[in-house]
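Structure, as structure tokens:
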């Protein structure tokens, strides 16, 4: 025989007062519920047998009665039955002190008969076939009520954060009755589990308390990155002046465009690059990643469209590319005499592919 204490929903192997009023002796797990209206406590046992007892710890002259006022016991402890309400009755003042209800939870276990999926590119429905008996009790006013049974959905999905895909634990709670549970369409292949109920979880019950299903993802989420290719020249002005969602710099601007979508669900790729002043005229590519040279001054848009294997689900992302206007700044004099002042002749430029320079001395002769 084991004894347990309960603090809300916890138990251990020592019998002590529950909220200063009740003590429970049980060889199985149990919980005490005290948050329901018009009843002092509901006891759920994972099996009731001859060793199960509930004791009242008060000092009043009392006896145990059932809800119909029939006598149960005039001792502090008694052996309860399933689906029965009991009263701690004050014999001196002829009034009830406490109302409790007892449920043998093992008789109302959930039947996880099956689950199927039905979804699109945005939402996924979990179609459940569960047998969930009502946990019925009566309050002190003899009004029939039911305990709410909560189920838990768990799976590990993808989320795009800090320019990379990361695993994320997805958890949600759903109160019965329901037939379908709707969740966001996962971004990768997942194993989805539905477990329950809240009372089985509180009693740490194992066994048939969950059902799982594998789901092959179809939803795609497009992301891209754009990186300006560096050049070695130190005198190029604003080679890369990129900002959020905009790539900006001097031309010819060579940009590496990289797919960052949720591969391998994202299977097919289409790039379109066009000048914003003429969007109907674009260059199209089907590679996953491309390297593109923007040669002319102006504003451009690079659009990536991805789709899943059957082409039903699509998603797009884009980046703006600005090639700055041409600039050439040439010093009008320099003195390469080794004194450390204006010894070096350096031209500052942007958006120029080539340029020719002729240097004259002060007398008009070509020296370079």
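Residue numbers (my numbering): 7 to 374.
Glycine included, every Cβ here is placed at the ideal spot set by N, Cα and C.
These figures come from a predicted structure and were not determined experimentally.
DSSP state of residue i mapped onto helix, strand, coil
i: residue 36; result: strand
i: residue 169; result: coil
i: residue 182; result: coil
i: residue 112; result: helix
i: residue 368; result: coil
i: residue 17; result: Low confidence applies here, because residue 17 scores a pLDDT of 41, under 50, leaving its location unreliable; read the following figure in that light. In the structure shown, residue 17 sits in coil (DSSP, three-state: anything other than H, G, I, E or B).
i: residue 208; result: helix
i: residue 64; result: coil
i: residue 357; result: Low per-residue confidence applies at residue 357: pLDDT is 46, beneath 50, and the placement is therefore not dependable, though the value from the model is reported in the following sentence. Note: residue 357 maps to coil in three-state DSSP.
i: residue 11; result: With a pLDDT of 35 at residue 11, under the threshold of 50, the predicted position of this residue should be treated as unreliable, though the coordinate-derived value follows. Residue state, collapsed to three classes: coil.
i: residue 321; result: strand
i: residue 374; result: coil
i: residue 289; result: strand
i: residue 227; result: coil
Strand pairing of residue i, partner residues [DSSP]
i: residue 276; result: 311
i: residue 59; result: 31
i: residue 102; result: 95
i: residue 151; result: 143
i: residue 70; result: 79 and 94
i: residue 202; result: 157
i: residue 232; result: 263
i: residue 134; result: 121
i: residue 254; result: 328
i: residue 218; result: 199
i: residue 47; result: 106
i: residue 189; result: 130
i: residue 304; result: 329
i: residue 299; result: 260
i: residue 281; result: 306
i: residue 174; result: 163
Same chain, Cβ closer than 7 angstroms to residue i, neighbours up to 5 away in sequence not counted
i: residue 323; result: 228, 229, 230 and 310
i: residue 373; result: 365, 366 and 367
i: residue 34; result: 51, 52 and 53
i: residue 61; result: 28, 29, 82 and 83
i: residue 206; result: 215
i: residue 211; result: 35 and 52
Cβ shell of residue i (< 6 angstroms), same chain only, five flanking positions each side left out
i: residue 176; result: 161 and 163
i: residue 39; result: 48
i: residue 15; result: Residue confidence is low: residue 15 scores 40 on pLDDT, short of 50, so the model does not pin down where it sits. Its coordinate-derived value is still stated next. Cβ neighbours of residue 15 beyond the five flanking positions: 37 and 208.
i: residue 220; result: 197
i: residue 13; result: For residue 13, the predicted model reports a pLDDT of 37, less than 50, meaning its position is unreliable; a value from the coordinates is still stated below. Cβ within range, chain order: n/a, list empty.
i: residue 104; result: 46 and 94
Minimum C-alpha distance to residue i - residue among the options
i: residue 191; options: 144, 209 and 132; result: 132
i: residue 301; options: 315, 293 and 260; result: 260
i: residue 226; options: 269, 136, 291 and 44; result: 269
i: residue 330; options: 306, 124, 123 and 165; result: 306
i: residue 41; options: 186, 101 and 154; result: 154
i: residue 193; options: 182, 187 and 266; result: 266
i: residue 179; options: 46, 188 and 171; result: 188
i: residue 28; options: 77, 76, 74 and 84; result: 84
i: residue 282; options: 82, 95, 137 and 326; result: 326
i: residue 254; options: 233, 130, 64 and 102; result: 233
i: residue 117; options: 289, 172, 290 and 217; result: 217
i: residue 285; options: 199, 308 and 76; result: 308
i: residue 199; options: 44, 319 and 157; result: 157
i: residue 379; options: 321, 223, 258 and 279; result: The requested residue 379 does not occur in the structure, where the chain is confined to residues 7 to 374.
i: residue 183; options: 137, 80, 272 and 211; result: 137
i: residue 125; options: 318, 342 and 345; result: 318
i: residue 316; options: 88, 279, 271 and 109; result: 271
i: residue 106; options: 172, 146 and 167; result: 146
Same chain only: Cβ atoms within 8 angstroms of residue i, ignoring 5 sequence neighbours per side
i: residue 152; result: 140, 141, 142 and 143
i: residue 297; result: 235, 260, 261, 262 and 263
i: residue 98; result: 66 and 67
i: residue 57; result: 7, 31, 32 and 33
i: residue 295; result: 262, 263, 264 and 265
i: residue 304; result: 281, 282, 283, 328 and 329
i: residue 293; result: 275 and 277
i: residue 174; result: 162, 163, 164 and 165
i: residue 96; result: 66, 67, 68, 102 and 103
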